[in-house]
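Counted the way the numbering used here counts, the sequence shown spans residues 95 to 314.
All remarks here apply to the structure that follows.
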Amino acid sequence: MKPTKNTWLIAFLLTVVSSLPAVAQSTKADIFSGSAKITWLGLDFTQTKFIGTAEAKVMGIGRKDDITPEEFRDDYTVGWNRLFVTEQKKYDVAESIHHSSVDYALDVAKSSNAKAKFDKLYTDNPSDFKLLDEAKITAIVKNYDFQSKEGIGYIFFVSGMNKGLDKAGVWITFVDMKTKTVLLTKYYEGKPGGFGLRNYWAKAFLNVMKDVKSDYNSWK
């Protein structure tokens with residue numbers, strides 16, 4: 095049977111489609127390539143457990159009452175993320191991951207924080223400090239709203255904050271935002287310090303960034 099006009103057309107289209115370059119998924123190797131664009135998404139506190147309560151008086155804010163979960167969400171999570179813009183030289187994300195520059199999309203983490211209730215933020219159980227693990231991070235990322243962004247995203251999932259032990263636990267995480275796949279995630283603990291609730295815990299995140307800078311090349 096002779097090929098029909100439609101047969102030739104289908105064959106032609108298949109040839110064209112097969113010759114098109116596939117949209118490559120980002121890989122762990124791309125993080126270290128130096129050429130791949132990385133986007134800083136910010137600090138996500140939706141999984142955070144604060145051991146005890148954030149006492150405003152103790153933290154030097156000049157009030158006698160505790161910080162409410164709503165204040166923690168609306169004021170402090172926003173403030174900590176804002177530091178990466180207002181004090182960008184100090185909180186230098188690009189330098190900490192050995193890149194010349196990174197893009198910023200802080201609205202991704204800020205939007206996630208804003209949607210959370212934080213009604214289970216405070217706990218008196220020290221075991222709640224580290225409830226997250228790699229499997230849970232993978233599940234969180236799979237359902238995360240990356241606001242239709244693509245490429246490699248870099249985000250900190252803050253898992254625990256413990257004033258009694260003077261440390262914050264953070265999962266630093268690189269993801270392929272299009273496929274919602276974890277490319278690399280590592281757990282770090284940072285020591286806080288300073289005056290006032292915001293500055294005290296901001297120091298912990300800064301110390302995590304310093305440790306990331308030191309360990310970065312060992313991840314390859």
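Just so you know, even glycine gets a beta-carbon here, dropped at the ideal spot from N, CA and C.
Item                                                                                                                                                               : Value
Does the beta-carbon distance from Arg167 to Ala210 come in below 9 Å?                                                                                             : yes
Taking the straight line between their C-alpha atoms, what separation do you get for Tyr238 and Thr273?                                                            : 11 Å
Using 9 Å as the threshold, is the C-beta distance between Gly254 and Lys143 below it?                                                                             : yes
My parser needs the beta strand (DSSP E) runs of 3 or more residues fully inside the region 231–304; what are they?                                                : 246–256, 261–270, 275–284
So which of Gly288, Asn207, Gly258 has the shortest CA-CA distance to Thr217?                                                                                      : Gly258
State the start and end residues of the unbroken alpha helix (DSSP H) segment that holds Phe144.                                                                   : Not the alpha helix (DSSP H): Phe144 falls in the beta strand (DSSP E), residues 143–145.
For Ala199 versus Leu135, is the C-beta spacing smaller than 9 Å?                                                                                                  : yes
Straight-line CA distance for Phe283 to Ala262?                                                                                                                    : Position check: residue 283 holds Glu in this sequence, whereas Phe was assumed. Straight-line Cα distance between these residues: approximately 5 Å.
Which of helix, strand or coil does DSSP assign to Tyr216?                                                                                                         : strand
Output needed for Gly128: all residues of its chain with C-beta closer than 6 Å, excluding positions within five of it in sequence on either side, in chain order. : none
Give me the Cα-Cα distance between Phe268 and Ile231, rounded to the nearest whole angstrom.                                                                       : 11 Å
Along the chain, where does the beta strand (DSSP E) that runs through Thr133 open and close?                                                                      : 132–138
What is the C-beta distance between Trp265 and Tyr248, in whole angstroms, given that I count them as a contact (C-beta under 8 Å)?                                : That pair is no contact at about 12 Å.
Going by beta carbon distance, what residues of the same chain come within less than 7 Å of Asn301, once the five residues before and after it are set aside?      : Gly284, Lys285
For Asp197, does the three-state DSSP call read helix, strand or coil?                                                                                             : strand
By DSSP, does Gly154 sit in helix, in strand, or in coil?                                                                                                          : Residue confidence for Gly154 is low, a pLDDT of 42 falling below 50, so the modelled location carries little weight; the figure read from the coordinates is stated next. Reduced to three states, the DSSP call for Gly154 is coil.
Quick one, which of Val276, Ile145, Ser312 has its alpha-carbon nearest Gly245's?                                                                                  : Val276
Starting from Gly173 and walking both ways along the alpha helix (DSSP H), at which residues does that stretch end?                                                : 172–180
Given a cut-off of 9 Å on the beta-carbon distance, is the pair Thr171 and Leu137 in contact?                                                                      : yes
Give me the Cα-Cα distance between Ser120 and Ser242, rounded to the nearest whole angstrom.                                                                       : 15 Å
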